[in-house]
Each structure stands twice: as C-alpha cells, then as structure tokens.
Amino acid sequence: MPGQSSAARPISEKPVIFQVTRGVSGQSPEFVPDELLIGVRPGTSYGPFKALMDAIGGVMVEADPTTGVYLIRFAPGTNVEAILEQIARNSMIAHAELNYVTRLPTSQSSSLPVIPPVQPPADGAIPVAVLDSGLDPRAGLSPLVTGAWDAVNPSRPLGDSQGHGTQMAVLAAGLLAADGAGATGNALPLVCVRAFDDEGKTSNFAILQALTYARQAGAKVVNMSWGSSTDSQFLRAAMQMAANQGMLLVAAAGNEPTGRPVYPAAYPEVIAIGGTTAAGRAWEQSNHGDFISLSAPAFATLPANSGSRSGGYVGTSIASAVVAHALAQYLNQHPHATPAEAREALLKALSAPPAPSGYGAGTLDAPALHRLLTPNASPPAP
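With the sequence shown counted from 1, adding 347 to any position gets you the working numbering.
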C-alpha cells in the first residue's frame, strides 16, 4: 500500500502555478492550500486508508514511489491545518505534514547565457542532475541532456520561464566556470528537472518527484541551488533515501547571512555550500553556520543573449553548481569510487576556508579543483 500509484485517483490536472498560503493564522511557513502530504505505516491496506480519506474529505491524487508519500487534496477552502491535527494520532498514519513551498532565489540578471558550441558527452558518462526551474531550449544544451522532465506540468515540453535552471545547468555541466573556480574543460551530461513553476515556487511533493526522476535517469550527483528555512520530515527522509541509494546531494546554503539552517542544505546527507568571492574571501551575503560543509565561488560572469547585456550573477546557487560539477567530474574520472570516497576526495582537495569561521571545511577554488581532478599533477601556474 505505501506509495502505490495505483491507489491514487487524480481529480484535476497538476497546477501550472502553485497557490500559496500561510494558513488560518497567517503565521505558518508558506504551503500549498487544500493539500496534505501523508505517509502510512507499513502493512496498511487500501480499504481502511481510503475510508479515512473519505471521512476527512480528502482524495489521493498522486503517490511518490520512492518515499511512499501520498499527495492528498481537499475541497477549496479546507482548513488542512485542523485536519492535520485530527489525523496526527491515527494508527495508520506514520507522518503527515503540510505541502510546504520553497521559492527560487532571485537572480541579478535575467539575460540568457550564450553558450559555447556543445559537443555530445562521451558514451557512458555519468550525468549531473539539476533540480530547478527547467531548461531553456534556446540555450543549445540539448546535446548534453540525457534526461528531462517537468515535475510541475508533465504534459508540456521542458522550458524555463525563470532562467535560473538554465544558468545552473550551464555551470553544473561545466560549460562556463564561476569567477575564481577554474575550468575543467569537459562538459558533462545533464538530467534537467523542472521542479519550480513559472513564478519560481515549488512544493515539497514536486521536489520528492523530481528527486525520484533524477535517480531513475541515472544521475549520481544532484544540484539543488535553492532552499527554505522550513524543515520537513518528508524532505529529510527523501534526502536520506537518495543518499542511501548512492546519490551525492549538493545544495545552496542561502543568500542571507542569518547563520540559521536552510533546507535541504542543512540535512546531514547533503553537502551544504557557502559562497566566496573570486579572491577567496567570504561573500558578505552568504549564509554561514555549523551546517555548512564547504564554500565555493559565488560570482559568475555570463555572456548575454544576442541583443541583450551580459550578466553578472552572484549567489550560493552558483557555488552549489560549481561543487556539483566538480563531484560529477570526479566520478567520471573515477567511476568505481563510492559516494563516500568522492566526498572524502573533495574535502581533502579543498583550500583553506575563508575567515571568519562558519564557512565549512575549506574552499573549492581553482587550485583545489585542480588537486581534485588532477591529483598527481603539479599546481597550475598563477
């Protein structure tokens, strides 16, 4: 029963735009109205669970097979927070929570990069997954794309109205390097998943489905250049399961220097990335704290599309994509390395962390990237 798609009964097409509420009090973290995420205990049969859903007015819309989480939808205007309290102690329910919303970080420029000519990757190359706002077909990355899916609206071709996902794909593939990061010279295959709507919002259920697709598409490294201050047991469990299945998870630590955890970056299974300047100093707007694993260059200069200005970008989104690319390159050079070995090699290659403390074990600058990918070579010339 847990996570069986056959038990779900769609009642409407997936929303193209996620509606958002803060609940009756207006004080809750943002979530999708009229929806709950529910996980049932092992051994639960369909009949009693369906009866419970009927009793509370819910319909099973979709199920994520990896986590066993059901998306339950209610009539418009339903007080789902009250229903959450009502079912909390039911013996069939392992856990239930609101379908929390995460927003993409804002970009400093909306220009679309002009990409160098793209050649198909080598046969059998390990792809890096980018879970973001999608991929703009005009970017010319199609020769690199080995998997593409729209988790928000699966019926439409993959696009990118926000531009953020395309930018992160360019960096994660290694077609362009962040300022101070150094280039690797080899473009990687991509698995691109649109998890955010046309307004830059996503739901936790969409993230669960995007992560499931990335695994099924063969990605070993997942870049998540976004985050939220809202903790979620379901999101935490999804990260744990993905890591246990051999995936390396990389996430941005956030662009507000609060020192507070941001999720999914703060989960132990995720490599949390802070941001530095091209000179290796801590970026003043990068988040910091004990949950940060390491830092990487957060600035990138990207050429603009024909007829528009070039764009200067900054954010831990960029730093996360830099690290995801480095890990995927390492795995392609060492295809038999375990995720733990790849993570250890990354940490050993790092340069000293920026001052003050709170920016992780070190910095993945150009010398560190060189050490990671060419460990027996002499250091690059200054």
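Ideal placement from N, C-alpha and C gives every residue a C-beta, glycine not left out. Note that the structure is a prediction, hence the values are computed from the model and not measured.
Query	Result
For the putative contact between residue 484 and residue 465, defined by C-beta atoms under 8 Å, what is the C-beta separation to the nearest angstrom?	Not a contact, Cβ separation roughly 13 Å.
Return helix, strand or coil for residue 609, following the three-state DSSP convention.	coil
I need the boundaries of the alpha helix (DSSP H) containing residue 639, first residue and last residue.	Looking at the DSSP string, residue 639 is not in any alpha helix (DSSP H), and its letter there is neither H nor E.
According to DSSP, is residue 652 helix, strand or coil?	Reliability of the predicted coordinates at residue 652 is poor, the pLDDT of 36 falling under 50, and the value obtained from them is presented with this limitation in mind. Residue state, collapsed to three classes: coil.
Where does the unbroken beta strand (DSSP E) through residue 679 begin, and where does it stop?	That residue, residue 679, is in no beta strand (DSSP E); its alpha helix (DSSP H) goes 663-680.
Closest by CA to residue 695, which one among 679, 702 and 674?	674
By Cβ distance below 8 Å, which residues in the same chain neighbour residue 446 in space, the five residues on each side in sequence not counted?	378, 379, 382, 383, 384, 418, 550, 551 and 552
Which residues in the same chain as residue 628 place their Cβ atom closer than 6 Å to its Cβ, once the five residues preceding and following it in sequence are excluded?	701
Inspect the CB distances between the segment 579-587 and the segment 608-619 and report whether three or more fall short of 8 Å.	yes
Could you give the DSSP three-state label for residue 352: helix, strand or coil?	At residue 352 the pLDDT is 49, less than 50, meaning the model places this residue with poor confidence and gives no usable figure here.
Restricting to Cα atoms, I'd like to know which of 387, 630, 467 and 618 is closest to residue 602.	630
Decide yes or no for the touch test of the segment 399-417 against the segment 539-550: beta carbon pairs closer than 8 Å, at least 3 of them.	no
How would you label residue 507, buried or exposed, when you count the other beta carbons within 10 angstroms and need 16 or more for buried?	buried
Looking at the structure shown, is residue 628 part of a helix, part of a strand, or coil, going by DSSP?	coil
Short of 8 Å in beta carbon distance, which residues of its chain neighbour residue 443, apart from the five on each side in sequence? Order them along the chain.	383, 384, 385, 386, 431, 434 and 435
Would you kindly work out how many angstroms separate the C-alpha atoms of residue 517 and residue 645, rounded to a whole number?	14 Å
Cα separation between residue 407 and residue 420?	7 Å
Starting from the Cα of residue 681, find the closest Cα among 396, 511 and 472 and give me that residue.	472
Verify whether the separation of the beta carbon atoms of residue 684 and residue 698 is less than 8 Å.	no
Let me know the secondary structure DSSP gives residue 369 once reduced to three states.	coil
Look at the alpha carbon of residue 527 and the alpha carbon of residue 534, and state the distance between them as a whole number of angstroms.	18 Å
Answer with buried or exposed for residue 718, where buried requires no fewer than 16 other C-beta atoms within 10 angstroms of its C-beta.	buried
Candidates 575, 597, 543 and 704: which alpha carbon is nearest residue 364's?	543
When the Cα of residue 595 is compared with those of 531, 486, 566 and 500, which residue comes out closest?	566
Identify the continuous alpha helix (DSSP H) that holds residue 450 and give its terminal residues.	Run containing residue 450: none in the alpha helix (DSSP H); it sits in the beta strand (DSSP E), 440-450.
To the nearest whole angstrom, what separates the beta carbons of residue 505 and residue 497, a pair I think is in contact under 8 Å?	5 Å
Would you check if the distance between the CB atom of residue 555 and the CB atom of residue 511 is smaller than 8 Å?	no
According to DSSP, is residue 421 helix, strand or coil?	coil
Pull up the CB-CB distance for residue 476 and residue 570, whole angstroms please, since I reckon it's below 8 Å.	7 Å
Which runs of the beta strand (DSSP E), 3 residues or longer, sit entirely within the segment 499-547?	537-541
Along the chain, where does the beta strand (DSSP E) containing residue 621 start, and where does it finish?	617-623
For residue 441, which residues from the same chain have a beta carbon less than 7 Å from its beta carbon, with the 5 sequence-adjacent residues on both sides left out?	386, 387 and 388
To the nearest angstrom, how far is the alpha carbon of residue 636 from that of residue 705?	4 Å
Under 8 Å between the Cβ atoms of residue 633 and residue 572?	no
With distance defined between alpha-carbon atoms, name the residue in 438, 647, 413 and 411 nearest to residue 395.	438
Report buried or exposed for residue 480, applying the criterion of at least 16 other Cβ atoms within 10 angstroms of its Cβ.	buried
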